[in-house]
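Engineer: One structure is given below, represented as structure tokens, and several questions about it will come after.
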Ligand code: PGA
């Protein structure tokens, strides 16, 4: 796991957008797994800038979103489908027929989840998966205790997730109790993973998933089992890590490390 500590939220957003842009430039028909939440807002703004300023081309990529609330229509203002359209898709030249967000208002979630997994497979699997992290260590809506082998399915949300996400709704009672979420197994199948986090509220959980034991009670710790994970944190989110000097040294001396290992 490579850990990059950015000075602040803006730098975290720029580094992560550049990371994605580099992958799109390298592989025009990239399959990209995408996340919602406050954390990636700056990253999406930067990607839109890269499209407008430098012509970053989204036309051939395929995207799969991590999750969606059960019961919300895709046009509902609190749906993740709406979030994605507002914050990135409508501002870039994406091909809407290659955009996949779980369908929260499906009549048959079980069949839908199987279909979603098949679609990911048909697209050749996810090349790069973007993740945020919840205060309780969840990635997507894989709440504490989720199986590391889990695939896309319906998950019940934890109390703190409902509390955290209530800021987007009129009241806590309006927050859906269930979501369709890619599983940890689905996420671990991605070829590369980029997790971003910012703010002091994430400091404790970032130290736990990066430096603590692998445990299903912090589902992000499953990323320790993946061979190609990059984590970009701002200084606040990194403030409880114990090996920051080591991470900084690796970042500043990457050219030396690459020379030594011949890659
Ligand atoms: P946030 O959510 O980006 O709004 O903090 C992250 C998450 O819960 O995965």
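Numbering (my numbering), first residue to last: 11 to 273. Cβ coordinates follow ideal geometry from the N, Cα and C atoms, glycine included. Everything numeric in this text was worked out from a predicted model, so none of it was measured.
1. Quick one: measure Cβ to Cβ for residue 12 and residue 260, integer angstroms, because I've assumed they're closer than 8 Å.
2. Can you say whether residue 131 is buried or exposed, counting buried as having 16 or more other CB atoms within 10 angstroms of its CB?
3. Determine which residues share a DSSP beta bridge with residue 139 and list them.
4. At a cut-off of 6 Å, is residue 17 close to the ligand PGA when judged by its beta-carbon and the heavy atoms of the ligand?
5. Does the distance from the CB of residue 46 to the CB of residue 149 come in under 7 Å?
6. Could you check if residue 49 belongs to the surroundings of the ligand PGA, using beta carbon to heavy atom distance under 6 Å?
7. At the level of alpha carbons, what is the spacing between residue 112 and residue 213?
8. Take the Cβ of residue 264 as the centre, count every other Cβ of all protein chains shown within 10 Å, and call the residue buried at 16 or more, exposed below.
9. Excluding sequence positions up to five away, which residues of its chain have a Cβ less than 7 Å from the Cβ of residue 133?
10. When DSSP labels each residue in this structure, what does residue 243 get in the three-state scheme?
11. Are residue 90 and residue 208 close, meaning C-beta to C-beta below 7 Å?
12. Tell me whether residue 81, by its Cβ, gets closer than 6 Å to a heavy atom of the ligand PGA.
13. Quick check: the stretch 75 to 86 against the stretch 49 to 61, are there 3 or more CB pairs under 8 Å?
14. Which runs of the alpha helix (DSSP H) at least 4 residues long sit entirely within the stretch 80 to 107? Give them in chain order.
15. Tell me which residue opens and which closes the alpha helix (DSSP H) that residue 191 is part of.
16. Report the three-state DSSP secondary structure of residue 261 (helix, strand or coil).
17. So is the beta-carbon of residue 193 under 6 Å away from any non-hydrogen atom of the ligand PGA?
18. Please work out which residues of its chain come closer than 7 Å, Cβ to Cβ, to residue 160, disregarding the five sequence neighbours upstream and downstream, and give them in chain order.
19. Pair every Cβ in the stretch 245 to 258 with every Cβ in the stretch 172 to 189, then say whether three or more of these pairs are closer than 8 Å.
20. Check each candidate in 44, 21, 67 and 17 and name the one with the smallest Cα separation from residue 32.
Structural biologist: Quick answer:
1. Translated into positions along the chain shown, residue 12 becomes position 2. Translated into positions along the chain shown, residue 260 becomes position 250. Correct: roughly 7 Å between the Cβ atoms.
2. Locating residue 131 in the chain shown gives position 121, counting from the first residue. The residue is exposed, with fewer than 16 neighbouring Cβ atoms inside 10 Å.
3. Walking along the chain shown from the start, residue 139 turns up at place 129. Residue 139 pairs with 43 and 203.
4. Position 7 of the chain shown, counted from the start, is the residue given in the question as residue 17. The answer is no for residue 17.
5. The residue given as residue 46 occupies position 36 in the chain shown. The residue given as residue 149 occupies position 139 in the chain shown. No, the Cβ-Cβ distance between residue 46 and residue 149 is not below 7 Å.
6. Along the chain shown, one-based indexing puts residue 49 at 39. Residue 49 Cβ: within cutoff of the ligand PGA.
7. For the purposes of this step, residue 112 is identified with residue 102 of the chain shown, where counting begins at 1. For the purposes of this step, residue 213 is identified with residue 203 of the chain shown, where counting begins at 1. Their backbone Cα atoms lie some 30 Å apart in a straight line.
8. On the chain shown, residue 264 is found 254 positions in, with the first residue counted as 1. Around the beta carbon of residue 264, a 10 Å sphere encloses fewer than 16 other beta carbons of the protein chains shown; the residue is thus reported as exposed.
9. In the chain shown, the residue the question calls residue 133 occupies position 123. Only 41 and 72 meet the Cβ criterion.
10. Locating residue 243 in the chain shown gives position 233, where the first residue counts as 1. Strand.
11. As a first step, residue 90 is located in the chain shown; it is residue number 80 there, counting from the start. As a first step, residue 208 is located in the chain shown; it is residue number 198 there, counting from the start. Going by C-beta atoms, residue 90 is not nearer than 7 Å to residue 208.
12. Position 71 of the chain shown, counted from the start, is the residue given in the question as residue 81. No, the Cβ of residue 81 stays beyond 6 Å of every heavy atom of the ligand PGA.
13. no
14. 90 to 97
15. Your numbering for residue 191 matches position 181 in the chain shown. Careful: residue 191 lies outside any alpha helix (DSSP H), inside the beta strand (DSSP E) at 188 to 191.
16. For the purposes of this step, residue 261 is identified with residue 251 of the chain shown, where counting begins at 1. In the structure shown, residue 261 sits in a helix (DSSP, three-state: H, G or I).
17. Looking up residue 193 in the chain shown gives position 183. Incorrect: residue 193 has no Cβ contact closer than 6 Å to the ligand PGA.
18. As a first step, residue 160 must be located in the chain shown, where it is residue number 150. Counting only Cβ-Cβ distances below 7 Å, and skipping sequence neighbours, we find 152, 193, 194 and 195.
19. With the cut-off at 8 Å, the stretch 245 to 258 and the stretch 172 to 189 do not touch.
20. Taking the chain shown and counting its residues from 1, the one referred to as residue 32 is at position 22. Closest by alpha carbon: 67.
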